[in-house]
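Peer 1: Residue 339 is where the sequence shown ends in the numbering used here, and the numbering goes up by one at each step. Glycine included, each C-beta is placed from N, C-alpha and C at the ideal position.
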Amino acid sequence: MELMKSESIVQDRQPQPQEEEEIMQQEEEEEQRFHVLAVDDSVIDRKLLEKLLKASSYQVTCVESGEKALEYLGLLHHSSPAASSSQHHHQGSSWKDVPVVVMSSENVPSRISMCLEGGAEEFMLKPLQVSDLHKIQAHLLKSLPHS
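1) What are the boundary residues of the beta strand (DSSP E) that Glu314 is part of?
2) Pull up the distance between the alpha-carbon of Glu219 and that of Tyr250, whole angstroms please.
3) Under the three-state reduction of DSSP, which class applies to Leu268: helix, strand or coil?
4) Residues in the same chain with beta-carbon distance under 8 Å from Leu245, minus the five sequence neighbours each way, listed in chain order, please.
5) With respect to the alpha helix (DSSP H) encompassing Gln251, which residues constitute its N-terminal and C-terminal limits?
6) What is the DSSP secondary structure of Ser335, counted as helix, strand or coil?
7) What separation, rounded to the nearest whole angstrom, lies between the Cα atoms of Glu314 and Glu214?
8) Mind checking Ala312: buried by the 16 CB within 10 Å criterion, or exposed?
9) Hey, quick one: how far does the alpha helix (DSSP H) through Val235 stretch, first residue to last?
10) In chain order, what residues of the same chain have a beta carbon less than 6 Å from the beta carbon of Gln329, not counting five sequence neighbours either side?
11) Among all the DSSP beta bridges, which residues are the ones paired with Val228?
12) Only counting the same chain, and skipping five residues up and downstream in sequence, which positions put a Cβ closer than 8 Å to that of Leu317?
13) Have a look at Ser335 and Val290 and give me their C-alpha separation to the nearest angstrom.
14) Should Ala261 be labelled buried (16 or more other beta-carbon atoms within 10 Å of its own) or exposed?
15) What is the rounded straight-line gap between the Cα of Met306 and the Cα of Lys327?
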């Protein structure tokens, strides 16, 4: 008799088809969130950027330098000398389709040109605005494989 009671409890705890659908949908939505690697040498700017991106449902990893970003991406080893991120960005074919958006408070035309010529998709002036996230999302959506 005890065995039958425990079986009925297990059966009662199994998710209903509708619940399973909702769980699967949540997992798919979680996988579809974009992961942004945010790089800024200012702690305050990094925290603000992280908060803004997370509020827009981005998964965010923050680092304090281009060198740390390259290490995070596995493109720079501790033993190799640091090189420009645009050079490393295009070295590995697996990274060539990763969109790069540069944000800076310095509105210097030569720097903007250098970043765009080096492979950046977009150059945005800080402070970042909520409306700028639409531009970022457009670049992320372009990077998705087409079915």
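Peer 2: In short:
1) Glu314 to Leu317
2) With a pLDDT of 49 at Glu219, under the threshold of 50, the modelled position of this residue cannot be trusted, and the question is left open.
3) coil
4) Val228, Ala230, Val252 and Leu325
5) Per DSSP, Gln251 belongs to no alpha helix (DSSP H); it is in the beta strand (DSSP E), Gln251 to Val255.
6) helix
7) 36 Å
8) buried
9) Val235 to Ala247
10) none
11) Val252
12) Met295, Ser296, Ser297 and Asn299
13) 7 Å
14) buried
15) 20 Å
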